[in-house]
Each structure stands twice: as C-alpha cells, then as structure tokens.
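K.L.:
Residue numbers (the working numbering): 817 to 1034.
The beta-carbon is built from N, C-alpha and C at its ideal position, and this holds for glycine as well.
All values reported here derive from a predicted model rather than from experimental measurement.
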Ligand code: PRP
C-alpha cells in the first residue's frame, strides 16, 4: 500500500491500495465489456480488500484471554463498527465489507448528484442514534468532485461520529484534494487515483457510472 505520506503529490491521509489483487479486480471493473453480474462480484471482492486496509488505523484495545495453553493478552477492535454505504453505488461494497465485519451495524446516506450541477442532493439518511460510540467506515466506489463524500462526512460529524475512514474503488485527483483538505482527520483508501474529471464530472479513465453498472440501469 502506498501511504499518502510516502509519495509526493497526494495528501498524507490518502492511501492507495494498489497490490496485484486489487489491480486485477479494478481491471475487471474498468473494462466496458464486463457485464453487470461480474461487475457486481468484482466490486464486492474489491470492497473486501479495501475494508481490510481501512481498518489499519482503527482503535484497538488489549483483552485478556486464555489460549488452550496459557493466559495471554491479545488485541481487539475497541469500538463497534458502523458501515455507511452512500446510496446507491455504495451498496455494491456492503456485502464485501460485511464478509469481514459481520457484526457491523449499517447506516445509510442517500445522496445523488444533480446531473446538471454535479452538486449532491440528500434524499435519505438513517444512522444509529449512538453514532459517537462507533468506528465508522464509509463505502462509496467513486470519489469524483468529492461533493457527495464531503457532505456525507459533514453529516456524520454533525451526528457525533469520531473515528471515520472511507473506501473507494476509484478516486479523482480534484476530489481527493478536496476531501483530504476538508476532512484532515479522516483516512481515505482507494484502489486507484485517476488524474482528471471530464466536463460532466465523470472520472477519467474511471469505470463509468458505478451505480448504473451495478444495477443494470444503463
Ligand atoms: C456517484 C458515486 C458517488 C458520487 C461521486 O453517485 O457513487 O456517490 O457520484 O461524485 P462526487 O464525488 O462528484 O460527489 P451518483 O450521484 O451517480 O448516484 P448513484 O450512486 O445513485 O448512481
């Protein structure tokens, strides 16, 4: 994994998860020939890799247990985890994340980019009332302008979220600059960092519209 602090040119709270397996999953996702069932499967598998990375800085606590041989001290995740998929495309990462974190609570952020202005519009929010008690992982395959993610993070912090990390299949330079600057306390894990956005704020080269490819609404 390339840490933001290790490579010039991107912020220290951005982390590129670019091992061969995640590159392979990403290659499947980027290919326009990949049909919806395979796209959905590759997104789920990539989410599993990314969510493992996103737990790297999660707070832990020491727990005293007995192995079959002796008493010993082990490390466990300190707080319950809340996964927050950003609807709709974030749902494509939920099953993969739950495969690794099966006890996680799931909150939902419904945001849609206005197709004219590319600004995020909130249409559904359902988060646990005791959000401050959780470590939160936000799931959204695409980080384009950063508008949707920044609005999500602002909302989570208004609801009292403390420790937050985010996972993305593909991020674009302008969005990364924005969210890392606006949320320096949050860590962002992405399988790719693409250079630019087109005139419709789509990531280039990207993978197209993740929500449409996941749900066949092309
Ligand atoms: C996409 C994507 C992100 C957002 C990224 O969702 O899944 O949530 O756009 O763009 P931004 O960084 O410029 O805000 P979209 O609005 O297309 O909704 P969908 O997931 O329902 O398809």
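Exposed or buried, residue 1011, counting other C-beta atoms within 10 Å across all chains shown (16 or more means buried)?
P.N.:
It is exposed - the Cβ of residue 1011 has fewer than 16 other Cβ atoms within 10 Å.
K.L.:
Buried or exposed: where does residue 861 fall if 16 or more other Cβ atoms within 10 Å of its Cβ makes it buried?
P.N.:
buried
K.L.:
Where does residue 1010 fall in DSSP's three states?
P.N.:
strand
K.L.:
On a CA-only basis, which of 992, 950, 963, 988 is nearest residue 976? Give me that one, please.
P.N.:
Considering only 992, 950, 963, 988, the residue with the shortest C-alpha distance to residue 976 is 950.
K.L.:
Just the C-alpha distance for residue 935 and residue 991, rounded to the nearest angstrom, thanks.
P.N.:
Distance between the alpha carbons of residue 935 and residue 991 is about 13 Å.
K.L.:
Per the DSSP calculation, residue 903 is bridged to which residue(s)?
P.N.:
926
K.L.:
What does residue 940 pair with, by DSSP beta-bridge criteria?
P.N.:
Beta-bridge pairing links residue 940 to 926.
K.L.:
With distances taken Cα to Cα, identify the nearest neighbour of residue 905 among 848, 929, 947, 870.
P.N.:
929
K.L.:
Of all the CB atoms in chain D, is at least one closer than 8 Å to the CB of residue 894?
P.N.:
Judged by its chain identifiers, the structure shown contains no chain D, having just a single protein chain.
K.L.:
Hey, out of 869, 839, 972, whose CA is closest to residue 901's CA?
P.N.:
Minimum Cα distance to residue 901 is reached at 972.
K.L.:
Cβ atoms of residue 1031 and residue 870: under 8 Å apart, would you say?
P.N.:
no
K.L.:
What residues sit near the ligand PRP, counting only those whose C-beta is closer than 7 Å to one of its heavy atoms, in chain order?
P.N.:
902, 903, 904, 905, 906, 927, 928, 929, 934, 936, 956, 957, 958, 959, 960, 961, 962, 963, 964, 965, 991, 1017, 1025, 1026, 1027, 1028
K.L.:
Is residue 891 helix, strand or coil by DSSP?
P.N.:
The answer is strand: DSSP assigns residue 891 an E or B state.
K.L.:
Okay, do the region 843–860 and the region 905–917 touch, 3+ Cβ pairs below 8 Å being the bar?
P.N.:
yes
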